[in-house]
Amino acid sequence: MDTELERRTRLKKMLNKMKEQILQEAKEEMKKFQTGEKRQIAEAVMDDADLSAIDISEDISLKKLSTHRDILKKIEEALQKLEDNTYGICEMCGDEIPEERLKILPFAIYCRDCQEKIEMIEKFEGEES
14 MDTELERRTR LKKMLNKMKE QILQEAKEEM KKFQTGEKRQ IAEAVMDDAD
64 LSAIDISEDI SLKKLSTHRD ILKKIEEALQ KLEDNTYGIC EMCGDEIPEE
114 RLKILPFAIY CRDCQEKIEM IEKFEGEES
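Number 142 marks the last residue of the sequence shown (this note's numbering); no jumps.
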């Protein structure tokens with residue numbers, strides 16, 4: 014059985030790897046704007062439909078950057094929790110969140126049982142509205 018230190022080291026490595034990947038993707042998206050890649054395409058545009066396609070493409074790129082920012086924030090929060098020895102602890106019941114769940118959903122703040130309870134409550138409240 015792994016020690017807590019080995020588990021924390023593995024989880025920290027996983028989070029830092031995700032962070033590097035997200036930062037790389039964000040840099041590539043920002044580089045497209047800086048080099049004017051999308052606008053260069055626009056210069057060869059023939060009609061309004063082409064312009065609309067470029068606008069949609071830029072909107073998607075901006076949405077990706079926004080998503081990257083949100084994920085980076087969650088990674089930073091998870092890394093801070095790791096330092097505080099609270100990462101992987103369910104915020105509802107206080108039980109340890111299994112490492113397999115954290116590998117799939119690294120930002121999980123609830124164990125599976127508590128997450129299901131929350132989703133049931135949200136579903137019930139949504140049906141009442």
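For glycine and all other residues, C-beta sits at the position ideal for the given N, C-alpha and C.
- A distance below 8 Å separates the beta carbons of residue 81 and residue 35.
- Per DSSP, residue 110 lies in no alpha helix (DSSP H) and is assigned neither H nor E.
- Assignment of residue 122 by DSSP, reduced to helix, strand and coil, places it in the coil class.
- Its chain contains 122, 123 as the residues whose beta carbon lies nearer than 7 Å to that of residue 104, once the 5 sequence neighbours on both sides are disregarded; these appear in chain order.
- Taking residue 84 as the centre and dropping the five residues before and after it, the same chain places the C-beta of 35 closer than 7 Å to its C-beta, in chain order.
- Cβ atoms of residue 25 and residue 115 stay farther apart than 8 Å, at about 11 Å.
- As the crow flies, the alpha-carbon of residue 120 is around 10 Å from that of residue 94.
- For a cut-off of 8 Å, the C-beta gap from residue 88 to residue 31 is around 6 Å, short enough to register as a contact.
- Between the C-alpha atoms of residue 86 and residue 39 there is a straight-line separation of about 13 Å.
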